[in-house]
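Worksheet: one structure, shown below.
Numbering (the UniProt record's numbering), first residue to last: 1 to 235.
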(Lines of atoms letter the chains of each structure in order from A and count residues from 1; the text may use other names and numbers.)
(Lines give C-alpha, C1' and ligand atoms only; values in the text may rest on other atoms or scores of the structure.)
Protein backbone atom coordinates (compact mmCIF):
# COMPACT_ATOMS: atom_id res chain seq x y z
CA UNK A 1 0.00 0.00 0.00
CA UNK A 2 2.79 2.44 0.81
CA UNK A 3 4.50 1.67 -2.48
CA UNK A 4 1.37 2.36 -4.47
CA UNK A 5 0.88 5.63 -2.65
CA UNK A 6 4.40 6.68 -3.48
CA UNK A 7 3.94 5.72 -7.11
CA UNK A 8 0.70 7.70 -7.24
CA UNK A 9 2.53 10.73 -5.85
CA UNK A 10 5.21 10.26 -8.43
CA UNK A 11 2.62 10.18 -11.19
CA UNK A 12 1.07 13.40 -9.87
CA UNK A 13 4.47 15.06 -9.86
CA UNK A 14 5.16 14.00 -13.43
CA UNK A 15 1.71 15.21 -14.50
CA UNK A 16 2.32 18.60 -12.88
CA UNK A 17 5.70 18.83 -14.57
CA UNK A 18 4.04 18.01 -17.91
CA UNK A 19 1.48 20.79 -17.38
CA UNK A 20 4.28 23.26 -16.62
CA UNK A 21 6.16 22.23 -19.72
CA UNK A 22 3.00 22.58 -21.82
CA UNK A 23 2.30 26.07 -20.48
CA UNK A 24 5.87 27.10 -21.18
CA UNK A 25 5.58 25.76 -24.73
CA UNK A 26 2.28 27.61 -25.28
CA UNK A 27 3.81 30.81 -23.96
CA UNK A 28 6.76 30.37 -26.27
CA UNK A 29 4.41 29.79 -29.20
CA UNK A 30 2.43 32.93 -28.33
CA UNK A 31 5.60 35.02 -28.18
CA UNK A 32 6.77 33.52 -31.45
CA UNK A 33 3.42 34.35 -33.06
CA UNK A 34 3.59 37.92 -31.73
CA UNK A 35 7.14 38.34 -32.97
CA UNK A 36 6.09 36.95 -36.33
CA UNK A 37 3.10 39.35 -36.60
CA UNK A 38 5.31 42.29 -35.67
CA UNK A 39 8.06 41.34 -38.06
CA UNK A 40 5.79 40.83 -41.09
CA UNK A 41 4.82 43.89 -43.15
CA UNK A 42 1.37 45.43 -42.62
CA UNK A 43 -1.32 44.63 -45.15
CA UNK A 44 -3.00 47.40 -47.13
CA UNK A 45 -6.14 47.25 -44.97
CA UNK A 46 -4.13 47.29 -41.73
CA UNK A 47 -2.13 50.27 -42.97
CA UNK A 48 -5.31 52.16 -43.93
CA UNK A 49 -6.87 51.40 -40.54
CA UNK A 50 -3.73 52.66 -38.78
CA UNK A 51 -3.69 55.86 -40.82
CA UNK A 52 -7.41 56.45 -40.19
CA UNK A 53 -6.94 55.97 -36.45
CA UNK A 54 -3.99 58.38 -36.48
CA UNK A 55 -5.90 61.03 -38.42
CA UNK A 56 -8.93 60.58 -36.18
CA UNK A 57 -6.78 61.13 -33.10
CA UNK A 58 -5.32 64.28 -34.64
CA UNK A 59 -8.77 65.61 -35.55
CA UNK A 60 -10.12 64.89 -32.07
CA UNK A 61 -7.17 66.70 -30.53
CA UNK A 62 -7.60 69.70 -32.86
CA UNK A 63 -11.34 69.81 -32.16
CA UNK A 64 -10.70 69.72 -28.43
CA UNK A 65 -8.19 72.56 -28.71
CA UNK A 66 -10.60 74.57 -30.89
CA UNK A 67 -13.41 74.10 -28.35
CA UNK A 68 -11.15 75.20 -25.50
CA UNK A 69 -10.10 78.28 -27.47
CA UNK A 70 -13.73 79.03 -28.31
CA UNK A 71 -14.77 78.83 -24.64
CA UNK A 72 -11.87 81.11 -23.72
CA UNK A 73 -12.86 83.64 -26.37
CA UNK A 74 -16.48 83.56 -25.22
CA UNK A 75 -15.41 84.29 -21.64
CA UNK A 76 -13.28 87.16 -22.89
CA UNK A 77 -16.16 88.47 -24.99
CA UNK A 78 -18.52 88.32 -22.00
CA UNK A 79 -16.02 90.29 -19.90
CA UNK A 80 -15.60 92.88 -22.67
CA UNK A 81 -19.36 93.18 -23.07
CA UNK A 82 -19.75 93.87 -19.35
CA UNK A 83 -17.00 96.49 -19.50
CA UNK A 84 -18.61 98.16 -22.53
CA UNK A 85 -21.97 98.27 -20.74
CA UNK A 86 -20.36 99.93 -17.72
CA UNK A 87 -18.55 102.46 -19.91
CA UNK A 88 -21.77 103.27 -21.74
CA UNK A 89 -23.59 103.86 -18.44
CA UNK A 90 -20.82 106.14 -17.17
CA UNK A 91 -20.79 108.13 -20.41
CA UNK A 92 -24.57 108.51 -20.27
CA UNK A 93 -24.33 109.92 -16.74
CA UNK A 94 -21.56 112.29 -17.81
CA UNK A 95 -23.68 113.47 -20.73
CA UNK A 96 -26.57 114.26 -18.38
CA UNK A 97 -24.27 116.26 -16.11
CA UNK A 98 -22.77 118.18 -19.03
CA UNK A 99 -26.25 118.81 -20.40
CA UNK A 100 -27.25 120.36 -17.07
CA UNK A 101 -24.11 122.52 -17.11
CA UNK A 102 -24.87 123.65 -20.67
CA UNK A 103 -28.32 124.84 -19.61
CA UNK A 104 -26.83 126.65 -16.64
CA UNK A 105 -24.21 128.31 -18.85
CA UNK A 106 -26.91 129.36 -21.33
CA UNK A 107 -28.89 130.90 -18.50
CA UNK A 108 -25.85 132.83 -17.26
CA UNK A 109 -25.00 134.03 -20.79
CA UNK A 110 -28.58 135.14 -21.43
CA UNK A 111 -28.55 137.40 -18.37
CA UNK A 112 -26.03 139.64 -20.06
CA UNK A 113 -22.31 140.11 -19.66
CA UNK A 114 -21.37 141.82 -16.40
CA UNK A 115 -19.09 144.82 -16.66
CA UNK A 116 -15.48 143.93 -16.23
CA UNK A 117 -15.86 140.31 -17.40
CA UNK A 118 -12.66 138.98 -18.90
CA UNK A 119 -12.30 137.40 -22.31
CA UNK A 120 -10.77 134.12 -23.51
CA UNK A 121 -9.81 133.82 -27.18
CA UNK A 122 -11.81 136.96 -27.97
CA UNK A 123 -14.95 135.74 -26.19
CA UNK A 124 -16.33 136.73 -22.86
CA UNK A 125 -15.82 134.01 -20.29
CA UNK A 126 -19.55 133.23 -20.14
CA UNK A 127 -19.78 132.64 -23.90
CA UNK A 128 -16.49 130.75 -23.87
CA UNK A 129 -17.77 128.42 -21.13
CA UNK A 130 -20.97 127.75 -23.07
CA UNK A 131 -19.11 126.93 -26.30
CA UNK A 132 -16.70 124.62 -24.46
CA UNK A 133 -19.54 122.76 -22.77
CA UNK A 134 -21.31 122.37 -26.12
CA UNK A 135 -18.14 120.83 -27.57
CA UNK A 136 -17.80 118.42 -24.63
CA UNK A 137 -21.44 117.37 -24.98
CA UNK A 138 -21.01 116.64 -28.71
CA UNK A 139 -17.86 114.63 -27.98
CA UNK A 140 -19.68 112.56 -25.36
CA UNK A 141 -22.49 111.80 -27.81
CA UNK A 142 -19.95 110.60 -30.38
CA UNK A 143 -18.28 108.36 -27.80
CA UNK A 144 -21.62 106.88 -26.78
CA UNK A 145 -22.32 106.05 -30.43
CA UNK A 146 -18.92 104.37 -30.72
CA UNK A 147 -19.62 102.30 -27.60
CA UNK A 148 -23.03 101.28 -28.93
CA UNK A 149 -21.40 100.22 -32.19
CA UNK A 150 -19.02 97.97 -30.26
CA UNK A 151 -21.82 96.25 -28.33
CA UNK A 152 -23.24 92.94 -29.47
CA UNK A 153 -26.73 93.04 -30.91
CA UNK A 154 -29.50 90.46 -31.03
CA UNK A 155 -29.67 89.00 -34.53
CA UNK A 156 -32.45 86.61 -35.57
CA UNK A 157 -31.32 83.88 -37.98
CA UNK A 158 -33.89 81.56 -39.52
CA UNK A 159 -34.42 78.77 -42.03
CA UNK A 160 -37.76 78.09 -43.74
CA UNK A 161 -38.54 74.63 -45.09
CA UNK A 162 -39.38 71.04 -44.24
CA UNK A 163 -36.70 69.43 -42.10
CA UNK A 164 -36.15 67.51 -38.88
CA UNK A 165 -33.09 69.39 -37.64
CA UNK A 166 -31.39 72.62 -38.69
CA UNK A 167 -28.13 74.10 -37.44
CA UNK A 168 -26.17 77.17 -38.47
CA UNK A 169 -22.42 77.68 -38.56
CA UNK A 170 -20.52 80.80 -39.53
CA UNK A 171 -17.55 83.09 -39.45
CA UNK A 172 -18.95 84.91 -36.41
CA UNK A 173 -17.20 82.32 -34.19
CA UNK A 174 -14.54 81.11 -36.59
CA UNK A 175 -16.70 78.26 -37.95
CA UNK A 176 -16.08 76.37 -34.71
CA UNK A 177 -19.56 75.78 -33.27
CA UNK A 178 -22.95 74.70 -34.59
CA UNK A 179 -25.96 76.60 -33.28
CA UNK A 180 -29.26 74.70 -33.12
CA UNK A 181 -32.36 76.34 -34.59
CA UNK A 182 -35.72 75.79 -32.91
CA UNK A 183 -38.71 74.82 -35.09
CA UNK A 184 -41.99 76.72 -35.30
CA UNK A 185 -44.65 74.75 -37.13
CA UNK A 186 -47.39 76.24 -39.30
CA UNK A 187 -49.92 74.71 -41.65
CA UNK A 188 -47.81 75.53 -44.71
CA UNK A 189 -44.17 75.37 -43.61
CA UNK A 190 -41.76 75.05 -40.71
CA UNK A 191 -39.62 77.97 -39.59
CA UNK A 192 -36.42 77.19 -37.72
CA UNK A 193 -34.89 80.14 -35.87
CA UNK A 194 -32.33 81.17 -33.28
CA UNK A 195 -30.94 84.37 -31.79
CA UNK A 196 -27.25 85.24 -32.06
CA UNK A 197 -25.47 88.03 -30.22
CA UNK A 198 -23.11 89.62 -32.73
CA UNK A 199 -21.16 92.83 -33.05
CA UNK A 200 -21.71 95.02 -36.10
CA UNK A 201 -19.98 93.62 -39.15
CA UNK A 202 -20.25 91.30 -42.14
CA UNK A 203 -20.38 87.55 -41.56
CA UNK A 204 -20.73 84.42 -43.68
CA UNK A 205 -22.79 81.42 -42.60
CA UNK A 206 -24.23 78.14 -43.80
CA UNK A 207 -27.09 75.90 -42.68
CA UNK A 208 -26.78 72.20 -41.85
CA UNK A 209 -30.19 70.77 -42.76
CA UNK A 210 -30.71 67.11 -41.84
CA UNK A 211 -26.97 66.52 -42.16
CA UNK A 212 -26.52 68.37 -45.49
CA UNK A 213 -25.02 71.85 -45.95
CA UNK A 214 -27.44 74.20 -47.67
CA UNK A 215 -27.82 77.85 -48.62
CA UNK A 216 -30.93 79.78 -47.55
CA UNK A 217 -32.70 81.82 -50.24
CA UNK A 218 -33.77 84.25 -47.48
CA UNK A 219 -30.25 85.70 -47.17
CA UNK A 220 -27.81 87.10 -49.77
CA UNK A 221 -24.94 84.87 -50.84
CA UNK A 222 -21.23 85.16 -51.55
CA UNK A 223 -18.87 82.84 -53.43
CA UNK A 224 -19.56 79.98 -55.83
CA UNK A 225 -19.87 76.21 -55.69
CA UNK A 226 -18.61 74.63 -52.48
CA UNK A 227 -17.40 78.06 -51.30
CA UNK A 228 -20.85 79.66 -51.56
CA UNK A 229 -22.17 80.92 -48.23
CA UNK A 230 -24.99 83.10 -46.97
CA UNK A 231 -24.07 86.65 -45.98
CA UNK A 232 -25.25 88.19 -42.71
CA UNK A 233 -24.74 91.93 -42.18
CA UNK A 234 -25.16 93.36 -38.69
CA UNK A 235 -25.62 97.13 -38.70
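Where is the CB? At the ideal position from N, CA and C, for every residue including glycine.
In the DSSP annotation of this structure, residue 127 is not part of any beta strand (DSSP E); the continuous alpha helix (DSSP H) holding it starts and ends at 125–150.
In the displayed model, residue 223 falls within coil according to three-state DSSP, outside both helix and strand. Residue 216 holds the alpha-carbon nearest to the alpha-carbon of residue 161 among 59, 216, 94, 226. Around residue 124, the same chain offers 113, 117 as residues with beta carbons nearer than 7 angstroms, after the five sequence neighbours per side are excluded. Within its own chain, the residues whose Cβ lies closer than 7 angstroms to the Cβ of residue 175, once the five positions on either side in sequence are excluded, are 169, listed in chain order. Relative to residue 177, the option among 158, 205, 185 whose CA is nearest is 205. Listed in chain order, the non-local C-beta contacts of residue 211 below 7 angstroms within the same chain number zero, local neighbours out to five positions each way being set aside. Residues of the same chain with a CB within less than 6 angstroms of the CB of residue 180, apart from the 5 flanking positions on each side, are 167 in chain order. In the DSSP assignment, residue 213 is bridged to 208.
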